[in-house]
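If you're matching positions, the sequence shown starts at 7 in my numbering and goes up one per residue. One structure below.
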Amino acid sequence: MQKINLFVISVCCLYASSSLAGTTTTTFGVSATVINQCIVSATNLAFGNYDPTSSVDTTSSNTLSVTCTLSDPYTIALNGGTTSGGNISQRKMTTGSNTINYNIYQDSSHTTLWGDGTTGSTEAGTGSGIVQTYTAYGIVPKQQVIPSGVYTDTITVTLNF
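Have a look at this one:
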C-alpha cells in the first residue's frame, strides 16, 4: 500500500511540476504617427440693415475657429470675395448689377486689412490641440449711393499649415 501511495504522490508531484515547468515571453512594438492637421470654420459676417444716408459706418464682426495639432504653426488668409471687381483692397457685395463696398480687418479699429497672403495681412498662430478663435471685423463705409436690396458676397478662408 505504501508503494502505491508513494507512486501516486510521485505522479501528482511530477504532473504538478510539469504544468509549472516553463514560461516564455515576447514583446511587440506600438507606434502612432501624429500628423499635422487643422480644421477651420467661420460664422457669417452679417451687417444687418445699412442706411445709405447715415453719417456712421456700419460695422459687424464674425468668428473664425481653428483647431490644429499641438505646436503646428498656421496662417489664416481671406480672399477678396466672389463679387466681380472685389479684391483685398476693396471687397464688394452685390445684388444684381449693383455693388456695395466693404472690407474685413483683423482689429476692431479697422487698421489692419485682412488679406490673402499676397495683399494685406494674414493671421498667424500655433496649434494648441483645442479650438482657437479669431475675430474678423467688417465695415461698410457710410453714405454709399446705392439702391435698396439684399447684397451678398462669399469669402473663402484659407488655412495654411
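For glycine and all other residues, C-beta sits at the position ideal for the given N, C-alpha and C.
What does the alpha-carbon distance come out to for the pair residue i and residue j?
i, j, result
"S103", "D159", "13 Å"
"G155", "N166", "35 Å"
"G121", "S67", "16 Å"
"G131", "S77", "9 Å"
"F34", "A27", "24 Å"
"I161", "N93", "10 Å"
"Q96", "I136", "33 Å"
"T73", "P153", "41 Å"
Where does residue i fall in DSSP's three states?
i, result
"A38", "coil"
"L26", "coil"
"L70", "strand"
"V46", "strand"
"P153", "coil"
"I106", "strand"
"G131", "strand"
"L119", "strand"
Based on Cα-Cα distance, which residue from the options lies nearest to residue i?
i, options, result
"P58", "T162, L165 and N107", "N107"
"S71", "S134, I45, G28 and V36", "I45"
"G123", "R97, T101 and A83", "A83"
"Q43", "T100, I94 and T75", "T75"
"T1", "A27, S37, T118 and A48", "No statement about residue 1 is possible, as the shown extent of the chain runs from 7 to 167 and does not include it."
"Q150", "T64, N85 and V137", "T64"
"T105", "F34, T89 and V163", "T89"
"Q138", "M99, I94, V36 and P79", "P79"
"T101", "S61, K148 and Y157", "Y157"
"P147", "I41, G86, T81 and M99", "M99"
"G133", "I41, T30 and L119", "I41"
I need the boundaries of the beta strand (DSSP E) containing residue i, first residue and last residue.
i, result
"V163", "V163 to N166"
"G144", "Q138 to V146"
"Y56", "Segment: none, Y56 is in no beta strand (DSSP E) and carries neither H nor E."
"I82", "P79 to L84"
"T100", "R97 to T101"
Checklist entry - Does the segment 46 to 63 come close enough to the segment 124 to 134 to have 3 or more Cβ pairs within less than 8 Å? => result no
Next on the checklist: Below 8 Å, how does it come out for the segment 137 to 150 and the segment 111 to 123: are there three or more Cβ pairs, yes or no?
Outcome noted: yes
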